[in-house]
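K.L.:
In my numbering, the protein residues as written are 973 to 1296.
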């Protein structure tokens, strides 16, 4: 439909309700005419995917859009991804809409509440049920999940689960929080350098631990009380992150808080959570939103596409590429 038609339909509460998951409408594709003058209206109840000119500037893209793509084919691809997890997709775009004007601490609270709700939703529970959970993961070698080394005024932190692609487990979260807390107490630590051991920085949340939360309220309290994201934001001016290989989920959500993020040319970035029936839950809707904006964040999370280092640099997701 045309943008003007969507605006007219959203003015009618009954039609607005029909343009939602309850009206079997998981997303809306609109064609944007640069001659149209968007008006301020109530946002849609589902993701709005706009087909816009590739030459359009940010100022030309209506605020009503959640994703902007250059073609019908691309819009249909995004819509197909949304249809796989429509409630998670709706929750994501609603969160990024309200999150734009908020400060980082408030964004983190909103993200955690939304994530907790989705953990107990049908989409995530269906994804869990479809996983092969018959085989227990092999025991890990006894080693600290994060290696800590202080050299003069620099604190080096190294993710240390290479056999699990540095999957972000509860133990790794706790260790990271403890290490970062050291820096909050010690002003003589002038720099914190975070990197990952092995061929990948981090493959994101440890899937073997997914679904363990049985109390949404307690899970929210835990995320917002013991928050690596909050500590990374608090220390951001002193933090530098070195990325390489896979940087998935938490593996880019947490680094994005840092004042400087450098990556090797082989680094790539993925936000896969929506296809699980979730949203980014390690702070990504706070940190990545600040770096690349709402449209790019929504596109990245709704599609689950792999973003290469050069694109990440152009978007501002990372700050430098080694050797470039």
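Built from N, CA and C at the ideal position, the CB exists for glycine as well.
In this structure, does DSSP put residue 1182 in helix, strand or coil?
P.N.:
Stepping through the chain shown from its first residue, residue 1182 is reached at position 210. It is coil, neither helix nor strand.
K.L.:
Pull up the CB-CB distance for residue 1023 and residue 1052, whole angstroms please, since I reckon it's below 8 Å.
P.N.:
Counted from its first residue, the chain shown places residue 1023 at position 51. Counted from its first residue, the chain shown places residue 1052 at position 80. The Cβ separation is near 15 Å, so there is no contact.
K.L.:
Anyone know if the C-beta pair for residue 1037 and residue 1243 falls short of 8 Å?
P.N.:
Residue numbering aside, residue 1037 sits at position 65 when the chain shown is read from its first letter. Residue numbering aside, residue 1243 sits at position 271 when the chain shown is read from its first letter. Contact flag unset, no.
K.L.:
Where does residue 994 land, buried or exposed, given buried means 16+ other C-beta within 10 angstroms?
P.N.:
Within the chain shown, the letter at position 22 stands for residue 994. Exposed, by the Cβ-count rule.
K.L.:
Mapping the DSSP letters down to three states, classify residue 1197 as helix, strand or coil.
P.N.:
By one-based count along the chain shown, residue 1197 stands at place 225. Here residue 1197 sits in helix by DSSP.
K.L.:
Is it buried or exposed, residue 1136, if we count other Cβ atoms within 10 angstroms and call 16 or more buried?
P.N.:
Here residue 1136 corresponds to residue number 164 of the chain shown, with the count starting at 1. By the neighbour-count rule (16 or more Cβ atoms within 10 Å), residue 1136 is buried.
K.L.:
Decide if residue 1195 is buried, meaning its Cβ has at least 16 other Cβ atoms within 10 Å, or exposed.
P.N.:
Counting from one through the chain shown, the residue named residue 1195 turns up at place 223. Classification of residue 1195: buried, given that the 10 Å Cβ count is 16 or more.
K.L.:
For my contact list, residue 1203 and residue 1141 are in at a C-beta cut-off of 8 Å; report their separation, rounded to the angstrom.
P.N.:
Position 231 of the chain shown, counting from 1, holds the residue named residue 1203. Position 169 of the chain shown, counting from 1, holds the residue named residue 1141. Contact doesn't hold; Cβ gap of about 17 Å is too wide.
K.L.:
Per the DSSP calculation, residue 1280 is bridged to which residue(s)?
P.N.:
As a first step, residue 1280 is located in the chain shown; it is residue number 308 there, counting from the start. DSSP, once it has assigned bridges, lists 1240 as partnering residue 1280.
K.L.:
Kindly list the residues whose CB is nearer than 6 Å to the CB of residue 1289, restricted to its own chain and excluding five residues on each side of it in sequence; keep chain order.
P.N.:
Taking the first residue of the chain shown as position 1, residue 1289 is located at position 317. Excluding residues within five positions, the ones whose Cβ falls inside 6 Å are 1263, 1264.
K.L.:
Any idea if residue 1157 is buried or exposed, counting beta-carbon neighbours within 10 angstroms, 16 or more meaning buried?
P.N.:
Taking the first residue of the chain shown as 1, we reach residue 1157 at position 185. Per the 10 Å Cβ criterion, exposed.
K.L.:
Between the stretch 1110 to 1129 and the stretch 1076 to 1094, can you find at least three pairs of beta-carbon atoms closer than 8 Å?
P.N.:
No contact exists between the stretch 1076 to 1094 and the stretch 1110 to 1129.
K.L.:
Tell me where the beta strand (DSSP E) around residue 1219 begins and ends.
P.N.:
Here residue 1219 corresponds to residue number 247 of the chain shown, with the count starting at 1. Counting along the chain, the beta strand (DSSP E) containing residue 1219 begins and ends at 1218 to 1220.
K.L.:
Could you tell me the distance, in whole angstroms, from the CA atom of residue 1033 to the CA atom of residue 1003?
P.N.:
As a first step, residue 1033 is located in the chain shown; it is residue number 61 there, counting from the start. As a first step, residue 1003 is located in the chain shown; it is residue number 31 there, counting from the start. Whole-angstrom Cα-Cα distance: 11 Å.
K.L.:
Inspect the CB distances between the stretch 1113 to 1128 and the stretch 1227 to 1238 and report whether three or more fall short of 8 Å.
P.N.:
No, the stretch 1113 to 1128 is not in contact with the stretch 1227 to 1238.
K.L.:
Counting pairs of Cβ atoms below 8 Å between the stretch 1216 to 1231 and the stretch 1241 to 1256, do you hit three or more?
P.N.:
Counting Cβ pairs under 8 Å, three or more are found: they touch.
K.L.:
Among the candidates 1014, 990, 1071, whose CA atom is the shortest distance from the CA of residue 1260?
P.N.:
Numbered from its first residue, the chain shown carries residue 1260 at position 288. Out of 1014, 990, 1071, 1071 has the C-alpha closest to the C-alpha of residue 1260.
K.L.:
Could you check which residue in 1212, 1148, 1247, 997 has the C-alpha nearest to that of residue 1162?
P.N.:
Locating residue 1162 in the chain shown gives position 190, where the first residue counts as 1. Among 1212, 1148, 1247, 997, the Cα nearest to that of residue 1162 is on 1212.
K.L.:
What residue range is occupied by the uninterrupted beta strand (DSSP E) comprising residue 1264?
P.N.:
Residue mapping note: residue 1264 aligns to position 292 of the chain shown, counting from 1. That residue, residue 1264, is in no beta strand (DSSP E); its alpha helix (DSSP H) goes 1256 to 1275.
K.L.:
So does residue 1174 have its beta carbon nearer than 7 Å to some heavy atom of the ligand ATP?
P.N.:
In terms of ligand content, the structure shown is empty, and the ligand ATP therefore cannot be addressed.
K.L.:
Assign residue 1026 to buried or exposed, taking buried as 16 or more other Cβ atoms, counted over all protein chains shown, within 10 Å of its Cβ.
P.N.:
For the purposes of this step, residue 1026 is taken as the residue at position 54 of the chain shown. The residue in question, residue 1026, is exposed, as its Cβ has fewer than 16 Cβ neighbours within 10 Å.
K.L.:
Would you mind sorting residue 1030 into buried or exposed? The rule is 16 or more other CB atoms within 10 Å of its CB.
P.N.:
By one-based count along the chain shown, residue 1030 stands at place 58. Answer is exposed; the Cβ neighbour count stays below 16.
K.L.:
If I measure Cβ to Cβ from residue 1247 and keep anything under 7 Å in the same chain, skipping five residues before and after, which residues do I get?
P.N.:
Reading the chain shown from its first residue, position 275 is the one you call residue 1247. Here the set comprises 1056, 1057, 1276.
K.L.:
Using 8 Å as the threshold, is the C-beta distance between residue 1091 and residue 1228 below it?
P.N.:
Counting from 1 along the chain shown, the entry for residue 1091 is found at position 119. Counting from 1 along the chain shown, the entry for residue 1228 is found at position 256. Cβ distance not < 8 Å, so residue 1091 and residue 1228 don't count as in contact.
K.L.:
Judging by CA-CA distance, which residue of 1165, 1016, 1132, 1059 is the nearest neighbour of residue 1175?
P.N.:
Position 203 of the chain shown holds residue 1175. Comparing Cα positions, the closest option is 1132.
K.L.:
Can the beta-carbon of residue 990 be found closer than 8 Å to that of residue 982?
P.N.:
Indexing the chain shown from 1 puts residue 990 at position 18. Indexing the chain shown from 1 puts residue 982 at position 10. Going by C-beta atoms, residue 990 is not nearer than 8 Å to residue 982.
K.L.:
Could you round the C-beta distance between residue 1240 and residue 1198 to whole angstroms and report it? I think they count as a contact, below 8 Å.
P.N.:
In the chain shown, the residue the question calls residue 1240 occupies position 268. In the chain shown, the residue the question calls residue 1198 occupies position 226. 29 Å between Cβ atoms; not a contact.
K.L.:
Hey, quick one: how far does the beta strand (DSSP E) through residue 1123 stretch, first residue to last?
P.N.:
Position 151 of the chain shown, counted from the start, is the residue given in the question as residue 1123. Segment 1118 to 1123, the beta strand (DSSP E) holding residue 1123.
K.L.:
Determine whether the beta carbon atoms of residue 1019 and residue 1274 lie at a separation below 8 Å.
P.N.:
Residue numbering aside, residue 1019 sits at position 47 when the chain shown is read from its first letter. Residue numbering aside, residue 1274 sits at position 302 when the chain shown is read from its first letter. Result yes, Cβ atoms of residue 1019 and residue 1274 sit closer than 8 Å.
K.L.:
Three-state secondary structure (DSSP) at residue 996?
P.N.:
Indexing the chain shown from 1 puts residue 996 at position 24. In this structure, residue 996 counts as coil in the three-state DSSP scheme.
K.L.:
Please go through the same chain and pick out, in chain order, the residues whose beta-carbon is closer than 7 Å to the beta-carbon of residue 1096, but skip the five residues on each side of it.
P.N.:
The residue you call residue 1096 lines up with position 124 of the chain shown. Taken in chain order, the residues that qualify are 1090, 1248, 1249, 1250.
K.L.:
Nearest-angstrom Cα distance between residue 1143 and residue 1245?
P.N.:
Working through the chain shown from its first residue, we reach residue 1143 at position 171. Working through the chain shown from its first residue, we reach residue 1245 at position 273. Approximately 20 Å between the Cα atoms of the pair.
K.L.:
Return the bridge partner residues of residue 956 from the DSSP annotation.
P.N.:
With the chain covering only 973 through 1296, there is no way to say anything about residue 956.
K.L.:
Would you kindly work out how many angstroms separate the C-alpha atoms of residue 1281 and residue 985, rounded to a whole number?
P.N.:
By one-based count along the chain shown, residue 1281 stands at place 309. By one-based count along the chain shown, residue 985 stands at place 13. So the alpha carbons of these two residues sit roughly 43 Å apart.
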